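Colleague: Residue numbers (numbering that gives the first Met the number 0): 0 to 310. Before we start, here is the structure in question, set down as structure tokens.
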Amino acid sequence: MRRIRLRSVVTHPSSSGPSTKGAFGAREEGIGEGIGFHYHHYYQHQHYQHPQNHLNENGVELRWRKLYYQLRAGEVVHKHSKSFVETKSGSGPQRSSNNKSVFFTASAAVLNCSVLDMGLNPMKWKTRTLAYVSLGLFVFYLVAIYRKEHHVSFEMTIKNTQAEDVWEFVADFSNMKKLNPTIEDFDIIADTGNYDHWKYSARYTERLSHFPIIKNTAHGHFVVRPDEKGFLISSEHRTCFFYGICCLNSVSEFKFIDEGRDTKCTETVQYQCPILYSTLCYKEVMYQREEIMKNLKSHFALTNVHNESDK
């Protein structure tokens, strides 16, 4: 069996219908008819009634249409080649070689067909690609970069304490290493004001509680002052990861109010976090707040025991 070849130039089909050679020059019987069917089908739908026009209604040159339908012929060759080889080819080694030639020629045409199909309307393909890329970038920004704000609040009562004592202990940042185990080191970089309105700034290093290998550097600005109903510590923090590439802001308001012989501690935290890491951020905030509250209660419980012993 001879290898199938497709002519590079398409000729107008004759009125007598497809011949055994096919409209695209397939040189074997049986395959040409199938190829010719595709070519005649193209004519009947009026896509090629005016060969003299070099551009179709979509602005695509007809030479691409010609090449497209030449390659479409490969689909027909691919479908009919197996049965054709079985009926027309000889036996033995020659048959196996012809088999490979037929399938190789047909498969190459089918593979190139999809690429050419995109090229039929380059503007449409570019628009679609741009839309997909834009959508992907938007989703990535929304999930991994956009910082959503979250709010959490905590409340605790410390027995047998005065609000002023608890307030003063928490306001001293040197005690934060005892209260918050994630803080590794700190440095006071600014300190102004007096007892009634004290301001200071600190730079400190933390590690994540759930991923200790990841560390961050934070800057905190604190305002310590008495409040109408008690005592207040307001703070703003900027926490940066990976040498400042990713930074997140948070705001805290810590109130201390006397309730009889006890102190009611209430903290409200507003923090930023990308949607992708929302669960991790929430767990980290909850862990730190719970540790601070627990250690604060333990400290004053131990202080009360010592005071009772001294009496």
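The C-beta atom is built at its ideal place from N, Cα and C for all residues, glycine as well. In this text, all values refer to a predicted model and were calculated from it rather than measured experimentally.
How big is the Cα-Cα spacing for PRO225 and GLU163?
Modeller: On the sequence shown, position 226 is the one that residue 225 refers to. On the sequence shown, position 164 is the one that residue 163 refers to. When rounded, the distance between both Cα atoms is 9 Å.
Colleague: For THR160, which of helix, strand or coil comes out of DSSP?
Modeller: Taking the first residue of the sequence shown as position 1, residue 160 is located at position 161. In the structure shown, THR160 sits in coil (DSSP, three-state: anything other than H, G, I, E or B).
Colleague: Going straight from the alpha carbon of ALA130 to that of VAL151, what length do you get?
Modeller: Here residue 130 corresponds to residue number 131 of the sequence shown, with the count starting at 1. Here residue 151 corresponds to residue number 152 of the sequence shown, with the count starting at 1. The alpha-carbon atoms of ALA130 and VAL151 are separated by roughly 38 Å.
Colleague: Buried or exposed: where does THR262 fall if 16 or more other Cβ atoms within 10 Å of its Cβ makes it buried?
Modeller: If you number the sequence shown from 1, residue 262 lands on position 263. Buried, because 16 or more other Cβ atoms sit within 10 Å of the Cβ of THR262.
Colleague: For the beta strand (DSSP E) holding TYR199, just list the boundary residues, first then last.
Modeller: In the sequence shown, the residue the question calls residue 199 occupies position 200. From DSSP, the beta strand (DSSP E) with TYR199 extends over 197-206.
Colleague: Does the contact criterion of 3 or more C-beta pairs under 8 Å hold for the region 182-197 versus the region 146-160?
Modeller: Taking 8 Å as the limit for Cβ pairs, the verdict is that the region 146-160 does not touch the region 182-197.
Colleague: Applying the criterion that 16 or more other CB atoms from any shown protein chain within 10 Å of the CB defines a buried residue, is VAL138 buried or exposed?
Modeller: In the sequence shown, the residue the question calls residue 138 occupies position 139. VAL138 is exposed by the Cβ-count criterion.
Colleague: I'd like the list of long-range same chain contacts for LYS293, defined as Cβ closer than 6 Å, with 5 residues on each side in sequence excluded.
Modeller: Translated into positions along the sequence shown, residue 293 becomes position 294. Correct list: empty, nothing qualifies.
Colleague: By how many angstroms is the C-alpha of VAL132 removed from the C-alpha of MET122?
Modeller: Your numbering for residue 122 matches position 123 in the sequence shown. Your numbering for residue 132 matches position 133 in the sequence shown. Rounded to whole angstroms, MET122 to VAL132 spans 15 Å at the Cα level.
Colleague: Could you name the residues of the same chain whose beta carbon sits closer than 6 Å to that of PHE299, not counting the 5 residues immediately before and after it, in chain order?
Modeller: Here residue 299 refers to the residue found at position 300 of the sequence shown. Correct list, in chain order: ILE157, THR160.
Colleague: From PHE172, GLU258, PRO180, pick the residue whose C-alpha is nearest to that of HIS209; which is it?
Modeller: As a position in the sequence shown, residue 209 is number 210, starting the count at 1. Considering only alpha carbons, the answer is PRO180.
Colleague: Among the candidates ASP257, SER249, TRP124, ASN303, whose CA atom is the shortest distance from the CA of GLU283?
Modeller: What you label residue 283 is simply residue 284 of the sequence shown in a count that begins at 1. GLU283 has its Cα closest to that of SER249, out of ASP257, SER249, TRP124, ASN303.
Colleague: On the DSSP bridge list, what partners appear for THR238?
Modeller: Against the sequence shown, residue 238 aligns to sequence position 239. In the DSSP output, where bridge partners are listed per residue, THR238 has ALA217, LEU247.
Colleague: Using the C-alpha atoms, what's the distance from SER277 back to HIS44?
Modeller: Counted from its first residue, the sequence shown places residue 44 at position 45. Counted from its first residue, the sequence shown places residue 277 at position 278. For HIS44, the predicted model reports a pLDDT of 47, less than 50, meaning its position is unreliable; a value from the coordinates is still stated below. Roughly 57 Å between the two C-alpha positions.
Colleague: Alpha carbon to alpha carbon, what distance is there between ASP186 and ASP171?
Modeller: To locate residue 171, count along the sequence shown from 1; it is residue 172. To locate residue 186, count along the sequence shown from 1; it is residue 187. Near 12 Å, if we compare the C-alpha coordinates of ASP186 and ASP171.
Colleague: So what does DSSP say about THR128, is it helix, strand or coil?
Modeller: Indexing the sequence shown from 1 puts residue 128 at position 129. Correct three-state label for THR128: helix.
Colleague: Are VAL142 and LEU275 closer than 8 Å when you measure CB to CB?
Modeller: Residue numbering aside, residue 142 sits at position 143 when the sequence shown is read from its first letter. Residue numbering aside, residue 275 sits at position 276 when the sequence shown is read from its first letter. Their beta carbons are under 8 Å apart, which means VAL142 touches LEU275 by this criterion.
Colleague: If you follow the beta strand (DSSP E) that LYS263 is part of, which residue opens it and which one closes it?
Modeller: Start at 1 with the first residue of the sequence shown, and residue 263 comes out as number 264. LYS263 -> beta strand (DSSP E) spans 261-273.
Colleague: Got a sec? Which residues, its chain only, sit under 6 Å from THR238 by beta carbon, not counting five neighbours each side?
Modeller: Along the sequence shown, one-based indexing puts residue 238 at 239. Excluding positions up to five away in sequence, the list reads ASN215, ALA217, LEU247.
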